[in-house]
Amino acid sequence: MVTTNIAIIEAILDRLYPNPEVSLKYESLYTLLLAVLLSARCTDKRVNEVTPRLFALAKTPAAMAAIPVEEIRAIIRPCGLSNSKAKAISGLSKILCERYSGEVPQTLEELETLPGVGHKTASVVASQLGIDAFPVDTHIHRLAKRWKLSSGRSVVQTERDLKRLFPKDRWHIRHLQMIHYGREYCTARGCKGSCEICKAL
Ligand code: SF4
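The numbers in the sequence shown follow the numbering used here, run straight up by one, and end at 203.
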């Protein structure tokens with residue numbers, strides 16, 4: 003039954019989103035890391051409005067490390083949680099300079115040690131790096147439960163279940179497709195049970 007559902011879900015997602023992309027705007031792995039960090043409890047749209055100013059100020063760890071935290075905070079304020087996010091941006095930029103020669107580390111484990119970078123943020127960056135990761139955001143978590151792919155008990159469980167159900171070489175594309183589907187169809191306006199995949203299962 004779940005196998006049939008997976009086949010249905012994959013076929014519809016592939017038709018709707020043949021080439022899904024990350025909706026955050028970025029210029030490099032470092033700026034992607036900052037954009038994902040800023041997107042915590044904030045919409046990608048808002049982050050994309052803010053990051054051009056931030057990246058105009060500094061787009062490398064060395065340049066950012068030299069900017070006072072207060073200046074970073076003033077720019078990113080519209081994203082919310084600006085105190086902690088500004089400290090994290092400044093702190094991780096300094097660490098990248100000191101420990102990683104100004105580069106973004108290439109493993110999930112190293113990414114997760116950076117300030118302000120939790121498992122989900124690290125997974126998004128890792129996924130873009132081609133590392134096997136399945137970042138679970140609120141859309142994916144909700145849809146996995148609605149599509150009966152996971153119990154919905156926790157994001158940890160959802161990630162475990164989705165990694166088991168989808169082939170590893172499709173994790174990157176599936177997570178992006180599910181985010182797009184969730185944004186387009188599964189909004190806070192309420193569920194009438196009539197969206198394409200939900201109807202087909
Ligand atoms: S039917 Fe639509 S709104 Fe309801 S759970 Fe499915 S995608 Fe979300």
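Quick reminder that beta carbons are idealized off the backbone N, C-alpha and C, glycines included.
- Shown here for glutamate 51: same chain residues with a beta carbon closer than 8 Å to its own, the five before and five after excluded, namely Pro80 in chain order.
- Taking C-alpha positions only, isoleucine 175 is separated from proline 22 by approximately 7 Å.
- Scanning its chain for C-beta atoms nearer than 6 Å, with the 5 sequence neighbours on each side dropped, one finds around cysteine 44 the residues Cys81 and Gly82, in chain order.
- The way I'd put it, the segment 144–152 does touch the segment 160–177; three or more beta-carbon pairs between them come closer than 8 Å.
- Those residues placing their Cβ nearer than 6 Å to any heavy atom of ligand 1 are, following chain order, Arg148, Tyr187, Cys188, Cys193, Gly195, Ser196, Cys197 and Cys200.
- DSSP, reduced to helix, strand and coil, places threonine 62 outside both helices and strands of the structure shown, so it counts as coil.
- Looking at the backbone, the Cα of serine 129 and that of alanine 65 are separated by about 26 Å.
- Approximately 6 Å separates the beta-carbon atoms of leucine 39 and lysine 87; this is inside 8 Å, confirming the contact.
- With fewer than 16 other CB atoms across the displayed protein chains lying within 10 angstroms of its CB, leucine 59 is exposed.
- Around the Cβ of serine 41, a 10 Å sphere holds 16 or more other Cβ atoms; the residue is buried.
- DSSP places aspartate 163 inside the alpha helix (DSSP H), whose first and last residues are 157–167.
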